[in-house]
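Counting from 1285, one number per residue, gives the positions in the sequence shown under the working numbering. Positions of the beta carbon are idealized from the N, C-alpha and C atoms, including for glycine. The structure appears below as structure tokens.
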Amino acid sequence: MNAGLLTVQRCLNCAHLASGVCNHSFKILIERALNFKNAEVSLIISGGYKMNVKKMSLGILGTNCYIVYDDEKNALIIDPGSEAEVINSFIQNENLNPQAILLTHAHFDHIGAVDTLRKEYKLEVYLHEEEAQWLVDP
């Protein structure tokens, strides 16, 4: 299933169509992605809009990095911990247009590829304000 695509069209918790009716859909999407080391998952949401999530386990610690992108190829990079070349390769192979980098927190294993990707794509980096200092003084 590592190279597969899982499309969730109905919420598995409450059986609603994944059309914005319930709040379970995104949670299910991420939980499904977490079951596989390098998974790609797709979710159909309101209006037939499709959100894709590519999960990569990167670096010596296997930190999870996610690339979330839509059918128009706009992408967010979440927690690029290391191996910028692997992330960049996926972005190029899928012809994605990264919009920003999002960090769940600023530990070393989540920020290792930030500078390379930020410079490559001229991206803003978003992080909770309480950890913002880590980006300049880890």
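> Helix, strand or coil: how does DSSP classify K1403 here?
Replying inline: Position 119 of the sequence shown holds residue 1403. Three-state result, K1403: helix.
> Contact check, G1365 vs H1394 under 8 Å by CB: the rounded distance?
Replying inline: Here residue 1365 is taken as the residue at index 81 of the sequence shown, counted from 1. Here residue 1394 is taken as the residue at index 110 of the sequence shown, counted from 1. The Cβ separation is near 5 Å, so the contact holds.
>> Once DSSP output is grouped into helix, strand and coil, what is the label at S1385?
In response: The residue you call residue 1385 lines up with position 101 of the sequence shown. A quick correction: the sequence has Ile, not Ser, at residue 1385. Strand.
> Which word fits F1392, buried or exposed, when buried means at least 16 other C-beta atoms lie within 10 angstroms of its C-beta?
Replying inline: Numbered from 1 along the sequence shown, position 108 holds the residue referred to as residue 1392. By the neighbour-count rule (16 or more Cβ atoms within 10 Å), F1392 is not buried but exposed.
>> Can you tell me which residues form a DSSP beta bridge with A1359?
In response: Within the sequence shown, residue 1359 is the residue found at index 75, counting from 1. According to DSSP, A1359 bridges with Y1353, P1382.
> Comparing alpha-carbon positions, which option in G1346, P1382, N1379, M1335 lies nearest G1396?
Replying inline: By one-based count along the sequence shown, residue 1396 stands at place 112. Closest by alpha carbon: G1346.
>> Less than 8 Å between the C-beta atoms of L1401 and I1371, yes or no?
In response: To locate residue 1401, count along the sequence shown from 1; it is residue 117. To locate residue 1371, count along the sequence shown from 1; it is residue 87. Against a cut-off of 8 Å, the Cβ pair of I1371 and L1401 comes out as a contact.
> What's the gap between the Cα of L1360 and the Cα of A1416?
Replying inline: Your numbering for residue 1360 matches position 76 in the sequence shown. Your numbering for residue 1416 matches position 132 in the sequence shown. Computed Cα separation, rounded: 19 Å.
> Along the chain, where does the alpha helix (DSSP H) that runs through E1414 open and close?
Replying inline: The sequence position of residue 1414 within the sequence shown is 130, counting from 1. Counted as a single uninterrupted DSSP element, the stretch harbouring E1414 is not any alpha helix (DSSP H), since DSSP gives it neither H nor E.
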